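Take a look at the structure set out below.
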Amino acid sequence: MNLKECILNSHPALDQAAIFYLGQEGMLVKYQEKYLFFDPYLSDYVDRNCCSENVIWRRNYPAPIDPASLDFIDYVFCSHSHADHADPDTLTALAKASPNARFIGGKPVQRVFEKCGIAADRLICARADEEIFLEENISVLPIPAAHEEIIRDEEGNCQALGFLATLGKIRFYHAGDCCVYDGLAQRIQGADIACLPINGRDYYRLRDDIIGNMDCQEAARLAREAQIALTIPMHYDLYPINCLNPGWFVESMARFAPGQAFHLFQPGEKFLFEKNEG
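Here the sequence shown is numbered in our numbering, starting from 1113 and rising by one per residue.
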């Protein structure tokens, strides 16, 4: 069974969600036969206008699936406008393959959608703290993301967002690129699932225009403070310049969030989450 067949043949129950990791921060979530795709990046596209020429961007592994084959997507979320989160090649292919898909992102991401030729009636502009109701039992609350700090334009629109999705009784948080900031734990308190970047930040990457995220210890401490049921690390395995040993995350969870569940994905892997009311 190939990956597309695996996705389509997954039929999570009412209190379940099937999660597929598609690389970098790409998380495809299937809930009640609806497909939500967060930060899809399934090409080799690199925006040379926003990164240093000194850095070699080479994927450690190929995209686990061709975006042109994803003809069943309902909602696409992009946390911010960097190419590994709002990839023009992937977005263009998804828009064509799934003509009924809606595309959701903040004001800066809307410009990327428009450049990809996605029709205005397919776009939903996300604004921090304004809940978006998508289906009878699916809603999403955009949350400010600090990449590396919270930046707003003159109209108050956040440059980067995370998304807290409510899928029936399941609360799924996708942080996008984000550092921990005052109040973030309270915003996501008690979420069932939290996908958190763990690649960190440092002087040398910032010098090369690589803006950072929370590190392993910060992610683990956030998971503990927010009492996350399942923590999923992301943004640590695709590019050599931003890679780290995931064992550091395991060690951090053992130290700062002992007893709390987490899962390390392989690209293309499926994970079936079930809400535990206990």
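Note that CB positions come from ideal geometry on N, CA and C, so glycine has one too. Model, not experiment: these values are computed from the prediction.
Within the region 1298–1382, the complete beta strand (DSSP E) segments at least 3 residues long are 1305–1309, 1342–1346, listed from N- to C-terminus. Secondary structure note for residue 1226: its alpha helix (DSSP H) is the uninterrupted segment 1219–1227. Residue 1290 is positioned such that its CB atom lies closer than 8 angstroms to that of residue 1325. Inter-segment contact for the region 1264–1282 and the region 1295–1310 is present: three or more beta-carbon pairs are separated by less than 8 angstroms. Non-local beta-carbon contacts of residue 1377 in its own chain, meaning distances under 6 angstroms to residues more than five positions away in sequence, involve 1133 in chain order. Residue 1173 and residue 1137 have their C-alpha atoms some 14 angstroms from each other. The beta-carbon distance between residue 1125 and residue 1143, rounded to whole angstroms, is 10 angstroms. This is too long to meet the 8 angstroms contact definition. Looking only at 1189, 1202, 1266, the smallest Cα-Cα distance to residue 1176 is reached by 1202. In the structure shown, residue 1263 adopts coil according to DSSP, grouped into three states.
Of the candidates 1185, 1265, 1328, the residue whose Cα lies closest to the Cα of residue 1363 is 1328. DSSP places residue 1142 inside the beta strand (DSSP E), whose first and last residues are 1139–1143. In the DSSP annotation of this structure, the continuous segment of the beta strand (DSSP E) that includes residue 1255 starts and ends at 1250–1256.
By the CB criterion at 8 angstroms, residue 1171 and residue 1350 fall inside the cutoff. In the three-state reduction of the DSSP assignment, residue 1242 falls in the coil class. Pairing residue 1274 with residue 1210, the inter-Cα distance amounts to about 23 angstroms. Residue environment for residue 1152: buried (at least 16 other C-beta atoms within 10 angstroms of its C-beta). Scanning 1296, 1192, 1240 for the CA closest to the CA of residue 1334 turns up 1296. For residue 1291, there is no enclosing alpha helix (DSSP H), as DSSP marks it with neither H nor E.
Note on the region 1186–1213: whole beta strand (DSSP E) runs with a minimum of 3 residues are 1187–1190, in chain order. Look at residue 1235 here: in three-state DSSP terms it is strand.
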